[in-house]
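In case it helps, mature numbering (1 follows the signal peptide of the UniProt record, and there is no 0) puts the sequence shown at residues -29 to -1, 1 to 445. We treat Cβ as the ideally placed atom computed from N, Cα and C, and that holds for glycine.
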Amino acid sequence: MQIRWVYTVFLVMLIGMGSLGLSLPTAQAAVQPTGKERPYYRLEATYSNESQSVCGHMKVRLPDQRQQAWNEVYFHLYPNAFKDWKWGAESKPEKPGYLKVNKVKVDGVPVSTQEKGTLLKVKLKRPLKTGETAEVEMDYELKIPKGGTRLNVYGNTAFLAQWYPMLAVHDSKGWHTDPYTTTGDPFFSQVSDFEVKFQVPKGYQIISSARDAEKPTSTVFLRQARVRDFAVVITKDYEPIKGKIGNTSVNLWYLKGMEDVAQPLHDAAVSSMSFFTKKFGAYPYREVDVVLGETGYGIAGMEYPGLVTSVARIPTRNGEQAAVNVVAHELAHQWWYGVVGNNQVKEPWLDEGLTTFSELLFMHDQMGQNEREWLMRAAQRTDEIYKQKGVTSVESLYKYSDPIYGLMVYTRPAAMMWELVDRLGKEQVLKILHTYYDQYQFQTATTEDFIQVANRVSGQNLRPFFERWLYFKG
Ligand SMILES: [Zn+2]
């Protein structure tokens, strides 16, 4: 995510500091249900623009590998956060939303369930051992909140984020059932395969995590292998600018009133995708969509596999400008979060820090902006915050208040990566990132994994360096 208030923080800091500058094998081939190590979702969905809801049926084949037998299975029902809003009044939806499930079955047999907040527990009739799989199915009804964060309706456009029951992650630590919160991106899911059949009203078009149809049709079939999430935008209002890098389509979608920034932002999307591909490794999908517009309170942009959102313009010291750095930031998340996953609840720095560094590297190398001095000064503030509050850059989302979150999780790790460039040279740092990308693609990496890759590639013991920057040790 790119947070709007980051810019507010930046601006306030800039005013406070005087003269510092602000500018501050293809996966999409047919889904292969033989990859039993990952979940396989089959969703049927019907969108109603009148009731601003989606009704449907979902089947999920559970992955067959596990370290201990499962007696139950958890799903996140994130839209239920918008039912009884527990957070700030400023981000409260104007009209609530929810995700209701019904008729839950496992291998065709009805089972009992428990629901608490944004979590659904499905009881299994017998323990599911490793090597075994089962199919969980359910009916669902999604009511889209008006003015929701990420999940939202705006004009004739519905933004569907975390819109279906999402299988929770189970690993050596057990089930990850962390609740929704408004700080950061409180979502964690594993790479899965998707087949989605969507019915939309006449004249509506779908933009999704999959490769989308050229022309609007009322029934849309979408397939996408190896993605952590499946985002959908249903719209009557958006127009595309299309382009290509090799075999990958790069589309930018804009609304009336954004014509002046649409082309520069499409150019930025193409050049940043090509820059990150060269620096970090191949983008594995056939299409990426950039959708311009508001997607909720405080959010400048948001990443999903194969689809990102970004505001059209951001404030800079030269006035409002095309949000080039937001587009670059969200697209860098295709590498850090999308392909190389991490637990965004427990270690949000790992994708946000590397993504902010990637964004700044692109802005520096391709757009001629140098934010280095500003970044280092901003990072210095984190030392004071650590002394006062005791929070480091490696904490779960719940430990951070909003203004501190941006500095600790985005800014300080990005400054750390620039200092690593000073220490090892840019080529070595890029080699570390490229190796990390190759080694952990379609998996979930940790801070420890990243440090180990850096040590191995550099042939140095960088642990004290990372511990000083990330954990404030020494
Ligand atoms: Zn981000």
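Annotation: the continuous alpha helix (DSSP H) that includes residue 334 extends over 319 to 336. By the neighbour-count definition (other C-beta atoms within 10 Å, threshold 16), residue 74 is an exposed residue.
Using a Cβ distance threshold of 8 Å, residue 34 and residue 63 do not count as a contacting pair. The shortest C-alpha to C-alpha distance from residue 389 to any of 173, 108, 440, 287 is the one to 440. The beta carbon of residue 187 sits closer than 6 Å to those of 176, all from its chain and outside the five residues before and after it, given in chain order. For the pair of segments examined, the segment 11 to 18 was found not to touch the segment 357 to 372: the number of CB pairs separated by less than 8 Å stays below three. Taking C-beta atoms as the reference points, residue 417 and residue 274 fail to come closer than 8 Å. Of the heavy atoms belonging to ligand 1, at least one sits nearer than 7 Å to the Cβ of residue 274.
Remark: fewer than three beta-carbon pairs, one from each stretch, lie closer than 8 Å, so the segment 26 to 42 and the segment 199 to 213 are not flagged as touching. Shown here, residue 74 sits in a strand according to DSSP, grouped into three states. Between residue 18 and residue 27, the alpha-carbon positions lie close to 9 Å from each other. Note that the C-beta distance between residue 271 and residue 324 is not below 8 Å.
For residue 284, the uninterrupted beta strand (DSSP E) run begins and ends at 284 to 287, by DSSP. Put simply, of 60, 81, 61, 51 the residue whose alpha carbon is nearest the alpha carbon of residue 68 is 51. Fewer than three pairs of CB atoms, one per stretch, sit closer than 8 Å, so the segment 94 to 105 makes no contact with the segment 122 to 137. If you look at residue 47, you'll find it in the beta strand (DSSP E) that goes 41 to 47. Between the segment 198 to 206 and the segment 127 to 138, the count of C-beta pairs closer than 8 Å reaches three or more; the two stretches touch.
By the C-beta density criterion, residue 344 is exposed, having fewer than 16 other C-beta atoms within 10 angstroms. The C-beta of residue -28 has 16 or more other C-beta atoms within 10 Å across all chains shown, which makes the residue buried. By the C-beta density criterion, residue 313 is buried, having at least 16 other C-beta atoms within 10 angstroms.
Counting the other CB atoms within 10 Å of its CB gives residue 98 a total below 16, which places it among the exposed residues. Distance between residue 110 and residue 337, taken at the CA atoms: about 48 Å.
Taking non-hydrogen atoms of ligand 1 into account, the C-beta of residue -29 is found less than 7 Å away from one of them. Counting along the chain, residue 170 sits inside the beta strand (DSSP E) bounded by residues 163 to 170. By the C-beta criterion, the segment 218 to 229 is judged not to be in contact with the segment 188 to 198, since fewer than 3 inter-stretch pairs fall below 8 Å. Pairing residue 404 with residue 251 gives a Cβ-Cβ distance under 8 Å. Relative to the Cα of residue 444, the nearest Cα in the group 357, 261, 232 belongs to 357. Below 8 Å, too few C-beta pairs join the segment 262 to 270 and the segment 424 to 438 to call them touching: fewer than three. Within its own chain, the residues whose Cβ lies closer than 7 Å to the Cβ of residue 413, once the five positions on either side in sequence are excluded, are 162, 197, 310, listed in chain order. The secondary-structure analysis by DSSP pairs residue 143 with nothing; it has no beta-bridge partner. If only uninterrupted alpha helix (DSSP H) runs of at least 4 residues are considered, those enclosed by the segment 221 to 271 are 230 to 251. Per the DSSP secondary-structure output, residue 137 pairs in a beta bridge with 47. Contact between the segment 327 to 342 and the segment 279 to 293 is not established, with fewer than three Cβ pairs separated by less than 8 Å. Of the candidates 391, 92, 415, the residue whose Cα lies closest to the Cα of residue 432 is 391. Ranked by how close their Cα comes to the Cα of residue 83, the residues 44, 241, 406, 117 have 44 in first place. Cβ neighbours of residue 247 within its own chain (closer than 8 Å, five residues either side excluded): 254, 302, 303, 305, 306, 329, 333.
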